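Chemist: Protein chains in written order, with my numbering: chain W, 1 to 330; chain C, 1001 to 1291.
(1) Given a limit of 8 Å on CB to CB distance, which residues of the region 58 to 69 of chain W reach chain C?
(2) Contact check, residue 1007/C vs residue 1135/C under 8 Å by CB: the rounded distance?
(3) Report back the beta-carbon spacing between residue 1035/C and residue 1084/C to the nearest angstrom; my notes put them in contact at under 8 Å.
(4) Grouping DSSP H, G and I as helix and E and B as strand, with all else coil, what is residue 302/W?
(5) Which residue's Cα is closest to the Cα of residue 1039/C: 1067/C, 1070/C, 1110/C?
(6) How should residue 1181/C be labelled, buried or exposed, when 16 other C-beta atoms within 10 angstroms of its C-beta is the threshold for buried?
(7) Could you tell me the alpha carbon to alpha carbon distance between residue 1271/C and residue 1226/C, rounded to whole angstroms?
(8) Pull up the DSSP beta-bridge partners for residue 146/W, would you.
(9) Quick test of your reading: residue 1028/C and residue 1196/C, contact by CB under 8 Å. State the CB separation rounded to the nearest angstrom.
(10) Mind checking who residue 138/W pairs with in its DSSP beta bridge?
(11) How about residue 234/W: is its C-beta nearer than 8 Å to some C-beta of chain C?
(12) Cα separation between residue 1267/C and residue 15/W?
(13) At the level of alpha carbons, what is the spacing between residue 1004/C and residue 1257/C?
(14) With distances taken Cα to Cα, identify the nearest neighbour of residue 1087/C among 301/W, 305/W, 307/W.
(15) Suppose the cutoff is 6 Å on Cβ atoms and the five residues either side in sequence are ignored; what does the same chain contact list for residue 1002/C look like?
(16) State the Cα-Cα distance for the pair residue 266/W and residue 288/W, rounded to the nearest angstrom.
(17) Using a Cβ cut-off of 8 Å (strictly closer), state whether residue 1226/C contacts chain W.
(18) Bridge partners for residue 1130/C per DSSP, in chain order?
(19) Label residue 1114/C either buried or exposed according to how many other C-beta atoms from any shown protein chain fall within 10 Å of its C-beta, with 16 as the threshold for buried.
(20) Taking the alpha helix (DSSP H) that residue 1213/C falls in, what are its first and last residues?
(21) What do you reckon, are the CB atoms on residue 74/W and residue 140/W nearer than 8 Å?
(22) Under the rule that 16 or more other beta-carbon atoms within 10 Å means buried, what is residue 91/W, buried or exposed?
(23) With a threshold of 7 Å, establish whether the CB of residue 1153/C neighbours any heavy atom of the ligand NAD.
(24) Consult DSSP for residue 50/W and reduce its assignment to one of helix, strand or coil.
(25) Can a CB atom of chain C be found closer than 8 Å to the CB of residue 300/W?
(26) With 8 Å as the threshold, decide whether the Cβ of residue 1189/C is near any Cβ in chain W.
(27) May I ask you to list the residues that DSSP assigns as paired with residue 192/W?
(28) Cutting at 7 Å between CB atoms, please list the residues of its own chain near residue 236/W, excluding the five before and the five after it.
(29) Around the C-beta of residue 101/W, are 16 or more other C-beta atoms found within 10 angstroms, so that it is buried, or is it exposed?
(30) Residues of chain C with a CB under 7 Å from the CB of residue 117/W: which are they?
(31) For residue 1123/C, which option in 1201/C, 1167/C, 1021/C, 1061/C has the closest C-alpha, if you only look at C-alpha atoms?
(32) Quick check on residue 287/W: does DSSP put it in helix, strand or coil?
(33) Report yes or no: is there a C-beta of chain W within less than 8 Å of the C-beta of residue 1129/C?
(34) What separation, rounded to the nearest whole angstrom, lies between the Cα atoms of residue 1013/C and residue 126/W?
(35) Return no unless some Cβ of chain C is closer than 8 Å to the Cβ of residue 123/W.
(36) Between the C-alpha atoms of residue 163/W and residue 169/W, what's the straight-line distance to the nearest angstrom?
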């Protein structure tokens, strides 16, 4: 790691201390949600930004993680930590099972296959009867605890989620700067070329898919323990689109993109919730999706690299090399 | 029991015809531009909701139909110029994300204008249901079948016998070749979206009297249309129609005989199955020409 690259982490650490001084529950809960989304979008970022494989079904893995944690901890009374572990592993296994076939599909077809998987899982949450509690969901999920230490306040949860995110960021930083990271990028640029360079595309794509599902499941498990109640509505197609929105807003294939995207979308969400009723009296519901749609369309047209593309971001070494190659040849 | 099955068949045919029309518009835009328009369902809903508002002003139903088709056609063209045209040259995936963005914006707009209420539209012709073999056939269903017929004949006529139709066909076969012949692909993409808007609205106004209309039904309709198109192999007009009708019948039977909650699950399973095991479509084996 060059010194320059530490800066982002240091800024992040400093930012993390501020809420501890401010001690506001609203701030904590918003930051927990941002942290959870950032975990999911980091995984999605590896899949979409680096490996170049789109998914419109990650809300399904998020939900599967949440439901796994909820069912195991309330019905089977497993220790919560084990339930959390299971909430990451089960979506990972499911992703592994469906991944090999699904990831053979390209572009549009992959997008639609993941989309229909997401809708299917959402239907399962709604129609699961006894198992999932149907549309009204399940409540009474216990607090997450490690031994006798219980995560019973927003502050503790905030620290937990962001600690996980920080470790994840360090791991991903190393991943994208490793051989595997460069291999993933080469899949995104051209699968044929990657195959010819001796990269096992099917295997790597599957690994990226499973990795992103594990993270989404983990975030789902944390979410279930955090809000202690779970229902199908937060895991609909709309949420999957929101994850893609975060990844795209932050900038695909950039290191800080997912975190930036999660912060911007959640902040925008909170802001719109305050502003929209002022502009349109009597407004409730989901008017803010108009703005999301417009942002998504606008970004794809004018700034496909996302917010990170506007300023300094960590370029992928491979891209530089490719450009250099072209120069030499040209 | 037989009456019940026949009744389910009628419902399925009606529903299937609507899916067919949506699938037709998806296939046409996909063939011409390579874009899968996930906002198509929103055109259907906005068409239907516009008709609800227009009908409230006391216009006759035929005028309501025409005006709402024209308005949504304009909307389709406008959106193409504002978004797809500006992003031309972007990857298919970027285009897909753009149409998803359009879809959620349009849904939000529909929510803003029409709210969450459930609306209904009057049938095109007065009179009760016809009884056929012990099962009731809603006269509106016949209008919908007619709409499918007219659309199909229109499309075949357009592609087979008009200059523009041939130009579109040429650009489907070979974009570069078509461009070299002086065919403007941008205009063709524009026309495809105008047609998609108009046809979507026509489907919406026709289905309004049978199912209720709510602001959020568009997405699922669009996805169903896509399932129908995928059954037919995504670029096959005839396949899209057959796919839509098959899907409608399957849905109607599964919700009538098993459980209505599984209705949407069935089409998702079909879509996944088709995508994973027969990406060329179930009917793709017949290998028709592309348009």
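The beta-carbon is built from N, C-alpha and C at its ideal position, and this holds for glycine as well.
All of these numbers come straight from a predicted model, not from anything done at the bench.
Modeler: So, from the listed chains and residues:
(1) none
(2) 4 Å
(3) 6 Å
(4) If DSSP states are grouped into helix, strand and coil, residue 302/W belongs with the helices.
(5) 1110/C
(6) exposed
(7) Residue 1271/C and residue 1226/C have their C-alpha atoms spaced approximately 8 Å apart.
(8) 149/W
(9) 7 Å
(10) Bridge partners of residue 138/W: 230/W.
(11) no
(12) 47 Å
(13) 10 Å
(14) 301/W
(15) Result list for residue 1002/C: empty, nothing under 6 Å.
(16) 12 Å
(17) yes
(18) 1137/C
(19) buried
(20) Premise fails: residue 1213/C is in no alpha helix (DSSP H) and is neither H nor E.
(21) In this structure, residue 140/W lies closer than 8 Å to residue 74/W by Cβ.
(22) buried
(23) Absent from the structure shown: the ligand NAD. Ligands present: none.
(24) helix
(25) yes
(26) No, residue 1189/C does not count as interfacial toward chain W.
(27) Residue 192/W pairs with nothing; no bridge assigned.
(28) 59, 122
(29) By the 10 Å Cβ count, residue 101/W comes out exposed.
(30) 1272
(31) 1061/C
(32) coil
(33) It does not: the Cβ of residue 1129/C has no partner Cβ on chain W nearer than 8 Å.
(34) 27 Å
(35) yes
(36) 10 Å
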